[in-house]
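First to last, the protein sequences are chains A and B. Heads up, the first sequence is in the working numbering, so the first residue is 215 and it goes up one at a time. Heads up, the second sequence is in the working numbering, so the first residue is 2 and it goes up one at a time. Remarks on the structure that follows.
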Amino acid sequence: MAVMRYREALNAALREEMARDENVVLMGEDIGVFNGAFKVTAGLLEEFGEKRVRDTPISENTIVGMGVGAAMTGLRPVVELMTINFSLLAMDQIVNHAASIRYMFGGQVKVPLVVRMPQGAGHQLGPTHSHSWEALYLHVPGLLVAVPTTAADAKGLLKSAIRDDNPVVFIEHEYLYGQRGEVPDDDDHTVRFGEAAIRREGSDVTIVGISRMALTAARAAKTLSESHGIEAEVIDPRTLRPLDLDTILASVRKTNRCVIVEEGWPHGGVGANLSALITEQAFDDLDAPIQRVTGADVPMPYSKPLEQLAFPHEPQVIDAVLATTKAR
Amino acid sequence: MAERVADSTQNASLPEPDVARDWLAAMLLIRRFEERAGEMYAKAKIGGFLHLAIGEEATIVGSTRALRDQDYLISTYRSHGHTLARGSDPDRVMAELFGRVDGLCRGRGGSMHMFDLEKRFMGGYGIVGGNLPLAAGFALASDYKCLDEVTLCQFGDGASNQGTFGETMNLAALWKLPVVFMITNNQFGMGTSLERHSAVTDLLRKGEGFGVPGMRCDGMDVQDTYAVTCEALRIAREERRPVLVEAVTYRFRGHSMADPEEYRTKEQVDEWRKRDPLAVFGAQLVEAQILSADERERMDRETVQRIDAAVAFADASPHPSPNELYDDIYVLGDQVRGWYSVDERTSTPHRGEDERSMTGGNLPGEAQYERALGSSDAPKPTDAAQDDND
């Protein structure tokens with residue numbers, strides 16, 4: 215085990231997969247000479263050269279589209295978009311092309327493409343750089359969606375994403391880039407998509423936390439145990455497509471209560487969807503309505519106090535858990 | 002870069018007789034195929050939108066005949082002709098229009114989304130301008146692997162106004178990619194005429210500011226289109242840089258079958274029809290005694306018979322089975338199991354748990370998944386259900 219930051223774990227994954235497979239190519243804005251807006255690609259240009267680490271012009275839709283085309287014809291491109299907000303410029307290539315091509319052409323080709331992008335609020339970047347949109351990509355059949363929380367998962371899931379033959383939307387988090395965690399040294403450390411992690415075991419309530427919110431949920435669980443005598447089970451799904459619904463259902467069948475925490479908007483969110491799935495599959499096991507804790511239903515404000523109000527923190531998670539236990 | 006527009010009335014030197022016959026046959030196949038597709042659409046055998054390339058045969062055949070087998074071709078939603086010219090089986094192209102299981106894309110793409118990997122026809126695409134970045138991506142892969150392949154990317158005059166046009170020109174020039182962009186300038190972006198949709202109507206100039214030089218060919222003249230495309234492909238292949246070619250042509254039919262054509266005059270259409278590439282080139286071959294008038298007629302009759310057979314084939318091909326609805330969304334395998342990735346709606350509990358217990362938590366691959374699905378009691382198609390869809 216080595217302790218490293220989330221961004222370093224991502225960097226290691228890229229380096230190892232590039233060394234392992236010469237068809238892995240990186241493309242993105244300022245990923246080379248500048249070393250990446252968030253330094254995830256630091257040092258890779260120097261190590262692998264301009265042919266494999268390609269600085270691009272600011273042309274999101276075309277960068278992703280070239281990645282789709284190159285993936286269809288034998289490469290394994292990893293495209294970096296500077297934030298998830300900018301990925302909307304590439305929505306046509308991600309949804310109309312990457313996600314649809316295999317299906318609409320009757321399975322004749324595959325699109326082994328990874329599109330990496332960070333999301334998340336907290337840096338006062340206002341409404342064009344701060345959103346959390348895993349729900350947008352979860353919506354699309356044909357895409358795989360990863361939302362790693364820990365450094366180990368960042369590395370293991372990115373390696374799996376690069377090796378997978380499907381297009382992957384790989385959603386990182388700006389706050390998490392600097393977080394440290396233990397990462398297995400093994401070059402073949404991968405994390406399989408579709409396997410949730412149980413971050414904390416508990417018998418009283420299930421808390422599902424997406425992306426950074428898995429950490430917020432874990433902190434809330436600690437307080438709930440210490441101050442309220444409530445033992446929460448915290449689940450980090452790690453990938454949303456495929457979704458390890460079984461692990462979540464098994465937990466809900468044990469605890470009979472569920473709170474879902476996400477940073478994105480409430481309408482049509484990950485929690486809305488997951489809550490429907492749980493209700494369909496485990497209605498009889500629920501002792502209380504499922505609670506959702508979400509980002510506020512607003513474009514992200516710049517003002518520091520307003521921004522802090524606009525995404526979930528520990529107290530809101532605790533309130534939601536207490537609301538489910540009141541129905542006892 | 003020299004601009005050239007050939008005068009199609011001067012057939013200085015026709016190609017070798019075999020080549021000339023092949024070009025005429027290829028244009029005939031497209032013409033008769035498209036005409037019959039139009040009829041089948043009117044009979045509701047074909048659904049959705051149907052965009053015919055009648056009038057554009059010389060552009061299609063002249064440009065695609067300049068390609069080598071290993072070169073890539075990518076096109077738009079008006080792509081029956083492109084895939085036929087690349088050598089796709091007309092049976093399977095018609096079956097795709099009919100939405101049947103023997104179609105090129107198993108009935109999942111339809112008219113706008115043809116694809117034939119074996120022929121390196123890399124697809125028709127329904128998003129105007131959406132295919133340009135893909136073409137640059139093919140060229141990037143060819144270049145990356147130091148292969149001799151070139152990509153020919155076809156799109157319409159309307160697509161030259163999309164953001165992807167400028168973005169892709171810039172990137173292709175910046176990275177010196179072996180790709181030829183061909184604007185099939187048929188004078189209209191749907192129902193909006195060239196001078197009403199583009200400030201610069203000299204379309205071959207639209208790439209210059211991005212570092213992509215332009216050439217022009219007479220898209221009604223198969224010989225000129227062939228010659229100019231050959232030169233463009235040579236530059237891309239040997240000099241490793243992109244070229245833009247404007248093929249000036251015209252579609253004789255509407256944008257799609259649902260087009261009252263209020264945006265153009267009958268006189269204009271008639272004027273262009275005088276330059277019908279099939280009639281002009283056919284007459285040239287007869288005049289040059291490469292073909293007798295009888296042979297030309299026989300060639301036409303045989304083409305019609307070939308299309309008859311394609312229609313019969315398509316009509317006899319079954320609709321896709323309901324079991325295919327969820328096929329090919331993902332490459333299934335070790336980490337991407339069925340239900341975990343795709344929510345196959347039923348009122349019964351989801352199949353994820355079965356999948357996991359069935360395989361001890363480890364699904365080895367697609368084959369086993371297929372077998373497992375085969376043993377489920379999914380609904381089977383009935384004749385009645387199929388009739389409803391006709």
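Just so you know, even glycine gets a beta-carbon here, dropped at the ideal spot from N, CA and C.
- Setting aside the 5 residues that flank it on each side, Glu262 (chain B) is surrounded in the same chain by Gly255, each with a C-beta closer than 7 Å to its C-beta; the list follows chain order.
- Counting only residues of its own chain and dropping the five nearest sequence neighbours on each side, Ala259 (chain B) has a CB closer than 8 Å to the CB of Phe50.
- As the crow flies, the alpha-carbon of Leu245 (chain B) is around 14 Å from that of Thr202 (chain B).
- By the neighbour-count criterion, in which a residue is buried when 16 or more other Cβ atoms sit within 10 angstroms of its Cβ, Val238 (chain A) is buried.
- Residues of the same chain with their beta carbon placed closer than 6 Å to that of Leu339 (chain A) are lacking, with the five preceding and five following residues left out of the count.
- Against chain B, the CB of Val323 (chain A) has a partner CB under 9 Å away; the residue lies at that interface.
- Look at the segment 117-189 of chain B and you find these whole runs of alpha helix (DSSP H), each 4 residues long or longer: 132-145 and 164-175.
- Relative to the Cα of His527 (chain A), the nearest Cα in the group A:Ala428, A:Ser489 and A:Val466 belongs to A:Ala428.
- Three or more Cβ pairs drawn from the segment 24-39 of chain B and the segment 286-304 of chain B lie within less than 8 Å of each other, which places the two stretches in contact.
- By alpha-carbon distance to Tyr264 (chain B), the top candidate from B:Lys120, B:Thr193, B:Pro323 and B:Thr65 is B:Thr193.
- By the Cβ criterion, the segment 107-120 of chain B is not in contact with the segment 175-185 of chain B, since fewer than three pairs of Cβ atoms, one from each stretch, lie closer than 8 Å.
- Remark: C-beta atoms of Arg406 (chain A) and Asp450 (chain A) do not approach each other more closely than 9 Å.
- Chain-ordered, the chain A residues with CB closer than 7 Å to the CB of Ala136 (chain B) read Gly283.
- At least one C-beta of chain A is nearer than 9 Å to the C-beta of Met123 (chain B).
- In its chain, beyond the 5 residues on either side, no residue has a beta carbon closer than 7 Å to the beta carbon of Asp328 (chain B).
- In terms of beta-carbon proximity, Trp176 (chain B) lines the interface with chain A, with at least one pair separated by less than 9 Å.
- Take Val323 (chain A), set aside five residues on each side of it, and the residues of its chain with a beta-carbon closer than 7 Å to its own are Met286, Ile315 and Arg316, in chain order.
- Gly279 (chain A) places its beta carbon less than 9 Å from that of Ala137 (chain B).
- Taking the Cα positions, Tyr145 (chain B) is about 18 Å away from Ile236 (chain B).
- Contact with chain B is found for Phe407 (chain A), since one of that chain's Cβ atoms lies less than 9 Å from the residue's Cβ.
- Take His481 (chain A), set aside five residues on each side of it, and the residues of its chain with a beta-carbon closer than 8 Å to its own are Asp511, in chain order.
- Under the criterion of beta carbons closer than 8 Å, Gly281 (chain A) and Met241 (chain A) qualify as touching, at roughly 6 Å.
- Given a length threshold of 4 residues, each whole run of the alpha helix (DSSP H) inside the segment 19-92 of chain B is given here in chain order: 58-65 and 81-86.
- Residues of chain A with a Cβ closer than 7 Å to the Cβ of Gln336 (chain B) are, in chain order, Ser374, Asp378, Arg406, Phe407 and Gly408.
- Taking a 10 Å sphere around the C-beta of Ile272 (chain A), we find fewer than 16 other C-beta atoms and assign the residue as exposed.
- In the DSSP assignment, Arg394 (chain A) falls within the unbroken beta strand (DSSP E) covering Arg394 to Val397.
- Contact annotation for Phe116 (chain B) against chain A: Ile315, Met318, Phe319, Gly320, Gln322 and Val323 [CB-CB distance below 9 Å, chain order].
- Below the 7 Å Cβ cutoff, chain B contributes Ser342 as neighbours of Arg455 (chain A), in chain order.
- With the criterion set as a beta carbon lying under 8 Å from some beta carbon of chain B, the members of the segment 494-505 of chain A are Gln495, in sequence order.
- Taking a cut-off of 8 Å on C-beta distances, the segment 432-447 of chain A does not touch the segment 327-339 of chain A, as fewer than three cross pairs fall below it.
- Contact between the segment 45-64 of chain B and the segment 219-235 of chain B is present: three or more C-beta pairs spanning the two stretches fall below 8 Å.
- For the segment 229-244 of chain B, no residue has a beta-carbon sitting nearer than 8 Å to a beta-carbon of chain A.
- The C-alpha of Asn249 (chain A) lies about 8 Å from the C-alpha of Leu259 (chain A).
- At the C-beta level, Leu172 (chain B) and Asp72 (chain B) stay beyond 9 Å of one another.
- When C-alpha distances from Val337 (chain B) are compared across A:His403, A:Pro513, A:Thr453 and A:Ala312, the shortest belongs to A:Thr453.
- In this structure, the beta-carbon distance from Ser112 (chain B) to His83 (chain B) does not fall below 9 Å.
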